[in-house]
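Asker: Handing you this structure, nothing more for now.
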Amino acid sequence: MVLSGLLLTVALPVQGQTVMKCQSVPPSEGPGIHHYVDINFPASIRVAPGTPNGAVIATATAEFPYACPANPNSPPGYDYWFIFPGQSWLTTNYPNVGKLTTLQNYREFETFGFRVTNLDTGRVMAVHHSLQEWAPSHTNAEPLSKVLRLKIEMIKLNDNIYNFAKIRNPNAAVGIEVRNRGKAARAITVDFKFFKSGGSLVVTPNSCTVTTPNVNVTLPPVSAGKLNQAGATAGDTGFNIGLSCQSGSNVYVTLTDLTDPSNTSTNLSLVPGSTASDVKLRILRNGNPVGFGPDSADPGNPNQWLVGPSSSTSSIPLSAQYVSTGRVTPGTVKGAATFTLSYQ
Numbered sequence: 001m002v003l004s005g006l007l008l009t010v011a012l013p014v015q016g017q018t019v020m021k022c023q024s025v026p027p028s029e030g031p032g033i034h035h036y037v038d039i040n041f042p043a044s045i046r047v048a049p050g051t052p053n054g055a056v057i058a059t060a061t062a063e064f065p066y067a068c069p070a071n072p073n074s075p076p077g078y079d080y081w082f083i084f085p086g087q088s089w090l091t092t093n094y095p096n097v098g099k100l101t102t103l104q105n106y107r108e109f110e111t112f113g114f115r116v117t118n119l120d121t122g123r124v125m126a127v128h129h130s131l132q133e134w135a136p137s138h139t140n141a142e143p144l145s146k147v148l149r150l151k152i153e154m155i156k157l158n159d160n161i162y163n164f165a166k167i168r169n170p171n172a173a174v175g176i177e178v179r180n181r182g183k184a185a186r187a188i189t190v191d192f193k194f195f196k197s198g199g200s201l202v203v204t205p206n207s208c209t210v211t212t213p214n215v216n217v218t219l220p221p222v223s224a225g226k227l228n229q230a231g232a233t234a235g236d237t238g239f240n241i242g243l244s245c246q247s248g249s250n251v252y253v254t255l256t257d258l259t260d261p262s263n264t265s266t267n268l269s270l271v272p273g274s275t276a277s278d279v280k281l282r283i284l285r286n287g288n289p290v291g292f293g294p295d296s297a298d299p300g301n302p303n304q305w306l307v308g309p310s311s312s313t314s315s316i317p318l319s320a321q322y323v324s325t326g327r328v329t330p331g332t333v334k335g336a337a338t339f340t341l342s343y344q
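Position one of the sequence shown corresponds to residue 1 (the UniProt record's numbering), numbered consecutively onward.
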């Protein structure tokens, strides 16, 4: 997801002194105003059943390069400050984890919180509503060019998170300020906006246990004469992949050619050592050849197909057969395939 926002304001001058103003690098906006940075959490945040409260469920990083001119005022240099704006954040039962307020009745924000860490120093920022030091001060009058880098971890707070599928757009941010030392005048402020574009909370479905992890299928010997032309088949033999599944998802499967994992045809390659030629193997479902695909559980994987609801799935019935690809010569035939389950 893209997390972004923009708040415009100008730096306040200090009477009797020149207020140094910083800018982004490369300059995308004029000096002395607020800047914004996109925080890129995954578009879909997956939460597995049984995830413990307090666990990290997503992580994002953000950085903001900036440059400040020399500040010869007394004292010289710049301070670094961090803030959780009070109107947006509440403390939680977990150290240094804040949650967003629910003034907009966005109840999903009671189920997860955030922890912010300075990536350069490793310091985790406390959740309170006054300015706190972000990094050691720059104490000389020389110009500086640096990068503000932070890590934001999304933390599961309670099991109510499983009741929500969407993250709506709150009015919330954290901010880092670079200030002229001792003068309380902002040289630059960077706001890191949260969930500007929303997102999805995806509960990872419960999985199945494979009760037959190794399936050996022995096809009967057949005469080469039964496979006398390309496309001829013989030796059909049924078998099952046994499963024990929990309810709550749909089960999909992909078969992968172990000898040629890039194979997306319906013909299974023979393993080295097979002595027959111009013959391959097929796996069929309901009498129809199944195509092979990559070893992946991603939804939409090539040649992935629906087995059925997990609540009513206990096996995957299949069959295997020989298939001629030309003028068959007798010999041994052996193929190997794997299966990958996907829960959606």
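The beta carbon of each residue, even a glycine, is placed where N, CA and C say it ideally should be. As the structure is a computational prediction, the values presented were derived from the model and not from experiment.
Just mark S324 as buried or exposed, buried being the case when its beta carbon has 16 or more other beta carbons within 10 Å.
Answerer: Buried, since its Cβ has 16 or more Cβ neighbours within 10 Å.
Asker: Measuring CB to CB, does F292 end up less than 8 angstroms from T340?
Answerer: No, Cβ-Cβ distance for F292 and T340 is not below 8 angstroms.
Asker: Which residues does DSSP list as the beta-bridge partners of L255?
Answerer: Beta-bridge pairing links L255 to F339.
Asker: Do you know whose CA, among T121, T254, N158 and T101, lies nearest A173's CA?
Answerer: Here the closest residue by C-alpha is T101.
Asker: Any idea if G77 is buried or exposed, counting beta-carbon neighbours within 10 angstroms, 16 or more meaning buried?
Answerer: Buried is the call here.
Asker: Expressed to the nearest angstrom, what Euclidean distance is found between the alpha-carbon atoms of A48 and D295?
Answerer: Each residue's alpha carbon lies about 21 angstroms from the other.
Asker: Can you list, in chain order, the residues of its chain whose CB lies under 6 angstroms from that of F82, leaving out five sequence neighbours each side?
Answerer: So the qualifying residues of the chain are M125, Q132, W134 and I176.
Asker: Mind checking which residues open and close the beta strand (DSSP E) that includes D278?
Answerer: Counting along the chain, the beta strand (DSSP E) containing D278 begins and ends at S277 to R285.
Asker: Assuming G175 is part of the beta strand (DSSP E), what are its boundary residues?
Answerer: Counting along the chain, the beta strand (DSSP E) containing G175 begins and ends at A173 to N180.
Asker: Could you say which of V251, Y94, R181 and T237 lies nearest to W305 if we only look at CA atoms?
Answerer: The candidate whose alpha carbon is nearest that of W305 is V251.
Asker: So, for N40: in the same chain, excluding its five sequence neighbours on each side, which residues have a beta-carbon less than 6 angstroms away from its beta-carbon?
Answerer: Once the five neighbours on either side are set aside, the close Cβ partners of N40 are A60.
Asker: From E142 to Q23, what distance separates their C-alpha atoms?
Answerer: So the two alpha carbons sit approximately 16 angstroms from each other.
Asker: Quick check on this structure: which residue in L150, A336 and S311 has the alpha carbon closest to the alpha carbon of V215?
Answerer: Measuring from the Cα of V215, the nearest candidate turns out to be A336.
Asker: Relative to the alpha-carbon of V333, which residue among A224, P299 and T313 has its alpha-carbon at the smallest distance?
Answerer: Of the candidates A224, P299 and T313, the one whose C-alpha sits nearest the C-alpha of V333 is A224.
Asker: Do you know how far the Cα of F239 is from the Cα of V279?
Answerer: Approximately 21 angstroms between the Cα atoms of the pair.
Asker: On the CB-based measure, 16 or more other CB atoms within 10 Å of its CB, does A187 come out buried or exposed?
Answerer: Buried, by the Cβ-count rule.
Asker: Beta-carbon separation of G231 and V222 under 8 angstroms?
Answerer: Their beta carbons are not under 8 angstroms apart, which means G231 does not touch V222 by this criterion.
Asker: Whole angstroms are fine: how far does the CA of G113 sit from the CA of I167?
Answerer: Going from the Cα of I167 to the Cα of G113 covers about 12 angstroms.
Asker: In terms of alpha-carbon separation, which member of A320, T329, Y322 and V307 lies closest to Q344?
Answerer: Checked all of A320, T329, Y322 and V307; the closest Cα to Q344 is V307.
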